[in-house]
Every structure is written in structure tokens, then in C-alpha cells.
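I have placed the structure first, in the form of C-alpha cells, so that the comments after it can refer back to it.
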Amino acid sequence: MQNSTQSVRRALALLEAFDRETPALGVTQLAAKVGLHKSTAYRLATTLAGEGFLHQDRATGRYSLGGRFYRIAAGFVEQDPLLREGREVLAQLRDACGHLVSLGMLDDDEVLFVLVFESTLAVRAGARRVGERLPVSVSAAGKVLLAALPSDEAEAILRRQGLSRSTPNSLASREAMLRELAHVRSDGIGWSREEAAIGLVALAAPVRRGDRTVAALSMACPTNLLDAPGLDELARRVRRAATELSRRLHD
């Protein structure tokens, strides 16, 4: 049983090795990325390809995610109202503003991004991908998700995770973070002003299902593109989009 469990874990790790930067990998690359012996990586990749979870390019020998993997992922998206409705709401917001928009959820005390629509502008605020994680203390989405929790739960997460010092602008004390969360609760919007990355401002609003916050809808843009009135307008748009998604989940 232990060997079977280990094989499953290794197979899942192999699938997680593929991302936007490395959509196709050879066996040697897979083994190095996952930390397996090359022969083990080869055996697992061959099995996964045989079951349709991986596809092997006959010309290069490299592997990529297969059709069966995508069918399962697509089915999950269609079954989950948050993702299904979120795709339409986020796409409309991105098309209206041009900036990167995303949907984040709290997972293992971090923000996990489950939907991402990239910026369409020539000058953009970097890139983000589905499955990416950020510390709660430096992300606008993280602050929104923390602020929605009972105070003792939010403080417990901050104790476990600590305060990330991603940039000199990251909040440096527990007291400053608690004040920030109080502002999020009163304003209904969270901000990250060059706290996760220099040159990047992000804002987020809560998405609710009933009386429970289930996600945070966020937008990110370059700091030098917007003045204060421009940011206020984006905040209104983000709030409206989050409210619309919440309404759809309620219906």
C-alpha cells in the first residue's frame, strides 16, 4: 500500500511539473524538476501517456499534458459555479479595463489563483498563471480573504505565515496589518501598493456566496499608468464585478 501511495504522489508531482513556462518536458527535465531518478520518471511518464494524461511528441520525445487531463479539468470548471460564472465576469472586466484580472481563494494559508485573464495592454503589470500562489500579507486578494475571517482565525494565519517582506513597501508589523484589515472591512476593497512587486499596484474585492466570502476578485496594473482618480475608477469597477459575481452565485 505504501508503494502504491508513493507512486500516486509521484505521478501527481509529474503532472504538476508542467506550467506555462515549461509546457513540454523531456524525461531528464521531468526527473530533475520533480526530484526523481530518470528511470522512475520515465516509467511514470510512460504510464501517464498510455492513460492519456500526458502526450508524447514522437518527433522530440518530450511530454506535455494530454487530452484526458484537459477533459477532467474542463469538466471541473463547468461543474463549479464560481469558476463557470467567474470566467464571464472576469473576461468582461478585463476587456473593459485592459488590465490583468484574477480570482483568488484561500488555500493552505496562501492565495491560490484559480482564474486569470492577462492584460491586453502594451504596458502591463507582469504575468500571472492559474495555480500561482502569493503570501496573504502582500497581496490585495489575500488581505480581502483575511479580512473576511473571524479576527482570531486571521491572526492565526498571520502567526503561522509571518509577514512576507517581498519589497520595502510590504507591511512590516502585525499592528500595521491588523489596521490594514480593518480598512478592508470598512471599505470593502483591499490594496497592495508595491507590496508584492515594485511597480505593481493591485486591488481586490470580496466575492460572496450567501454570507460567506469564497474568493477575492482582483486587478493588477503598473503603478505609473494611473493617478488617484484612475485608481478610484478601477476600484468601482472591481467592486461592481465582484458584486455581480456574488449575485450570480446567489441566483
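FYI, the numbering for the sequence shown is 180 to 430, going by our numbering.
From the three backbone atoms N, C-alpha and C, an ideal C-beta is built for every residue, glycine too.
If you ignore the 5 residues before and after Thr226, its C-beta comes within less than 6 Å of no other C-beta in its own chain. Residues of the same chain with a CB within less than 6 Å of the CB of Ala210, apart from the 5 flanking positions on each side, are Lys217, Ala220 in chain order.
Counted as a single uninterrupted DSSP element, the beta strand (DSSP E) harbouring Glu289 occupies residues 289-296. In the DSSP assignment, no residue is bridged to Gly245. Distance between Val206 and Leu223, taken at the CA atoms: about 10 Å. Secondary structure note for Leu285: its beta strand (DSSP E) is the uninterrupted segment 279-286. Across the structure, Phe296 and Pro385 are spaced so that their CA atoms are roughly 18 Å apart. Per the coordinates, the alpha-carbon of Ala399 lies some 27 Å from the alpha-carbon of Glu332. A distance below 6 Å between beta-carbons, with the five flanking residues on each side excluded, links His278 to the following residues of its chain, in chain order: Ser298, Met398, Cys400. In the three-state scheme derived from DSSP, where H, G and I count as helix and E and B as strand, Val309 is classed as coil. DSSP places Arg416 outside any beta strand (DSSP E); the residue lies instead in the alpha helix (DSSP H), whose first and last residues are 407-429. A straight line joining the alpha-carbon of Gly231 with that of Gly369 spans about 42 Å.
Per DSSP, Leu204 is not a residue of any alpha helix (DSSP H), being assigned neither H nor E. Taking C-beta atoms under 8 Å as the contact rule, Val380 and Lys322 fail to qualify, at a distance of about 13 Å.
Contact between the region 240-251 and the region 372-379 is absent, with fewer than three C-beta pairs closer than 8 Å. Counting only residues of its own chain and dropping the five nearest sequence neighbours on each side, Ser345 has a CB closer than 6 Å to the CB of Val317, Ala375. The beta carbon of Leu244 sits closer than 6 Å to those of Phe197, all from its chain and outside the five residues before and after it, given in chain order.
Taking the C-beta atoms as reference points, Val213 is found no nearer than 7 Å to Ala228.
Going by beta carbons, Gly265 and Leu294 fall inside the 7 Å limit.
Given a length threshold of 3 residues, each whole run of the beta strand (DSSP E) inside the region 208-243 is given here in chain order: 233-235. In the displayed model, Ser316 falls within coil according to three-state DSSP, outside both helix and strand.
Per the coordinates, the alpha-carbon of Arg415 lies some 15 Å from the alpha-carbon of Ala319.
For the pair Leu360 and Leu282, the CB atoms are not nearer than the 7 Å cut-off. Closest in C-alpha terms to Arg419, from the list Gly409, Asp430, Leu272, comes Leu272. According to the DSSP assignment, Ala376 belongs to no beta strand (DSSP E), since it is labelled neither H nor E.
Rounded to the nearest whole angstrom, the CA to CA distance from Ser183 to Ala327 is 40 Å. Taking all protein chains in view, the Cβ of Glu289 is crowded by 16 or more other Cβ atoms within 10 Å, so the residue is classified as buried.
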